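Below is one structure, written out as structure tokens, with a few remarks after it.
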């Protein structure tokens, strides 16, 4: 098992407000790694920063090293054009607001095909067939209907499944999930997590699972890190941390989960 | 708030322009050597010189004084017309917003109908009805055709303010309705209207000068920037300064109010 | 979607009635009756005036006059001009095409100039281009159209001789082959179209810029970047449509402004259009003509709004395919 992503001392912030004060962690190949932090801690910013998708006035420093067939590449040093080759191909994203992440003016099918056409150089018909296949593989019984739908015609859960299909279209090595289930109903949440787990075992990609909900983490990932006040305050095997939390903050988080 | 506008460069320039033009207008008698209407055919069509700052027109009248006195006309039309529009707008908008339902529907329909007419068409029609064009009636006419914007804004603000807790509290305390409307609702609803009014002054100035240019506004010999340009048409080739300066003044003044209005809008966001 | 269109059309009916009512009201607020202009001509005897009154139905009570007039305009009969006795509808009809052509061309010019300008300013936010364009746009907004018309007439027309400054045809127009006629016409209306578009250009380019920046902040654009799509795909396929749609609505809303403006530049450039007809009507106090033009003007405004609305409804999948 090798490392696929190595984050070293990542610092991020806006001109007046630092957000991350030095974050480091490693994700191994085929591993599900959870990053837990409460709202406002900068989780989304962290996810975006890994491929330099930062808004205009942010500053950053540190290293984000991606290991591609034994080559170590610092993503933060790449140019926009070079980064484009990673995004949507080696590293994919799914976001919290599934419906908002889809362009309301374009059909779902088209938005999946885009990835295939621009990254994998598919032509129209093969892209169409492959997108139907992808939609089927994430559990849609009628992929044709979803393909032709516009975002406003499907539910949040369906949208998230479509996002997963989109993210997996190019067979990524790492899937970054930014609170993918926070906006969904409880039953749908579990469905999505199950889907992610199934796909991960099937295709073998790594997952960076960012959430504020510790209860989801227990069954879902083997490794875990806690983000607090811009730093990783605890990191390790999920089981160990749950049984033996090292910091007060972690203990508080665990308590709040189990009290419910 | 004024301090913050001063920090915004564009807003500051806008404010300065407006103040400059206003002072020109106010100080008109003190800064001009000549009367705007005194003819002197021998000195007709002279280019700008030390004697006549901006030159003279075809009848030998000093262009600088004509322009400065014209500023009085344009600015007063701007302020008064917008004042009238805002007052009508406040009255109709607050009644519609506060009483709601049928009254609101009727007033809004009426507003929609008025908005269907190209405003300049309406203004011209009303001007056509005047047997004798008068600057005061023109102010009223412009006011009567621009109240729709403020009315809608006030109505929208009042509709949302109506549900606020402090209004409900006033109602419980049995404060009489007119007091609620006048003392509490309207003052709080005014800020978007401020932007609209500032931009409205700019637009009113443009309308007045267009009307005067067409001969339907301020009549000569009283000078308005628009009617100076009307007379300048015939001497365009030989005396371009008569065309250039009044137009430039209109442009600057309108620009000033626009910049100021935009700055206020940015501030209120 | 058809239901939506029908609903909109039905909503327009009370507006149209209201328009006719207000137009009628506006004119009949005149101190003195509409034939009072004939007061200026001492040769018209009292008898003749009474005859005129009867002819125009002015001896009947006001509300009867209104209903008669309303009945007539539904048949497109706007009465007769006080100036030359011709049918108002014919006078308007012969001037309508020119004004419509100029205004439609202006809308096209605005559309194809303002939007790219606004989008590029937004894309390069804060750059020299952006700040320069913003300043240029503010100045354009503040420029009085008649002043611009005079200046362009003088410099582009007289001094440089690039464009003609009056009328819509050249002297030997009749002898031109059809394509030369078309070109000649276009050449003549170039300056008017330029002047007409200039002011609205400013507003629309600023609006496009604002909307573009708004759209770029949206989550689906961020997701598109996260997918690693090329910028061109993101701009043209993802960001344009959400910008275009509100812009089209604004274009529809700029019809009344263009119509009002046409009064000015048609008069300056001696274009035989509806705007100049309105001006002539006002100067001569030709009330039936003025009423007719008010109604037509308002109708065109409504039409412009309706078409823009229609385009929006057709283009926005959220409305077109509503649940």
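Chains as they are written, first to last, in this note's numbering: chain A, 202 to 461; chain B, 43 to 311; chain C, 227 to 549. Beta carbons are placed, not taken as given, at the ideal position from N, Cα and C, and that holds for glycine. Every value quoted in this text rests on a predicted model; they were computed, and no experiment measured them.
- What residue 266 of chain B touches in chain C, judged by beta-carbon distance under 7 angstroms, is nothing: the nearest beta carbon there is about 12 angstroms away.
- With respect to the 7 angstroms criterion, residue 265 of chain B and residue 108 of chain B are classified as neighbours on the basis of their beta carbons.
- For residue 231 of chain B, no Cβ of chain C is located within less than 7 angstroms of the residue's own Cβ.
- Listed along chain B, no residue sits closer than 8 angstroms to residue 394 of chain C by beta-carbon distance, the nearest being about 20 angstroms off.
- Beyond the five residues adjoining it in sequence on each side, residue 50 of chain B comes within less than 6 angstroms, by CB distance, of 305 in the same chain, given in chain order.
- Between residue 315 of chain A and residue 329 of chain A the beta-carbon gap is near 12 angstroms, outside 8 angstroms, which marks them as no contact.
- With respect to the C-alpha of residue 230 of chain C, the residue from C/543, C/539, C/333 having the closest C-alpha is C/539.
- Residue 261 of chain A is bridged by DSSP to A/213.
- In the three-state reduction of the DSSP assignment, residue 304 of chain B falls in the helix class.
- What residue 286 of chain A touches in chain C, judged by beta-carbon distance under 9 angstroms, is 454, going in chain order.
- Taking each of A/254, A/303, A/266 in turn and checking the Cα distance to residue 356 of chain A, the smallest one comes out for A/303.
- Note that the C-beta distance between residue 155 of chain B and residue 248 of chain C is below 7 angstroms.
- In this chain, the alpha helix (DSSP H) harbouring residue 145 of chain B covers 143 to 158.
- Bridge partners of residue 219 of chain A according to DSSP: A/214.
- Flagged as an interface residue toward chain C: residue 278 of chain B, by a C-beta distance shorter than 7 angstroms.
- Within chain A, the C-beta atoms nearer than 9 angstroms to that of residue 543 of chain C come from 305, 306, 307, 308, 351, 352, 353, 354, in chain order.
- The criterion of a C-beta distance shorter than 7 angstroms is not satisfied by residue 289 of chain A and residue 478 of chain C.
- Residues 227, 230, 538, 539 of the same chain have their beta carbon placed closer than 8 angstroms to that of residue 545 of chain C, with the five preceding and five following residues left out of the count.
- Taking C-beta atoms as the reference points, residue 328 of chain C and residue 390 of chain C fail to come closer than 7 angstroms.
- Residue 469 of chain C is positioned such that its CB atom lies closer than 7 angstroms to that of residue 441 of chain C.
- Under the three-state reduction of DSSP output, residue 76 of chain B falls in the coil class, being neither helix nor strand.
- For residue 434 of chain A, the closest C-alpha among the options A/424, A/422, A/440, A/447 is that of A/447.
- If you compare the alpha carbons of B/54, B/65, B/169 with that of residue 257 of chain B, the shortest gap goes to B/169.
- Looking at the backbone, the Cα of residue 133 of chain B and that of residue 225 of chain B are separated by about 14 angstroms.
- Residue range 424 to 429 is occupied by the beta strand (DSSP E) that includes residue 427 of chain A.
- In terms of Cα proximity to residue 159 of chain B, the closest of C/252, C/287, C/439 is C/252.
- Contact between residue 208 of chain A and residue 418 of chain A does not hold, since their C-beta atoms are separated by about 19 angstroms, which reaches or exceeds 8 angstroms.
- Pairing residue 306 of chain C with residue 534 of chain C, the inter-Cα distance amounts to about 33 angstroms.
- Here DSSP, grouped into helix, strand and coil, assigns residue 230 of chain C to helix.
- Around residue 475 of chain C, the same chain offers 534, 535, 538 as residues with beta carbons nearer than 8 angstroms, after the five sequence neighbours per side are excluded.
- In this structure, the beta-carbon distance from residue 375 of chain C to residue 504 of chain C does not fall below 7 angstroms.
- Straight through space, the alpha carbons of residue 377 of chain A and residue 240 of chain A are spaced by roughly 17 angstroms.
- Across the structure, residue 367 of chain A and residue 220 of chain A are spaced so that their CA atoms are roughly 30 angstroms apart.
- Contact check between the segment 455 to 467 of chain C and the segment 365 to 384 of chain C: fewer than three CB pairs, one atom from each, fall below 8 angstroms, which does not count as touching.
- Distance from the Cα of residue 528 of chain C is smallest, within the candidate group B/157, B/202, B/146, for B/157.
- Remark: C-beta atoms of residue 284 of chain B and residue 146 of chain B do not approach each other more closely than 7 angstroms.
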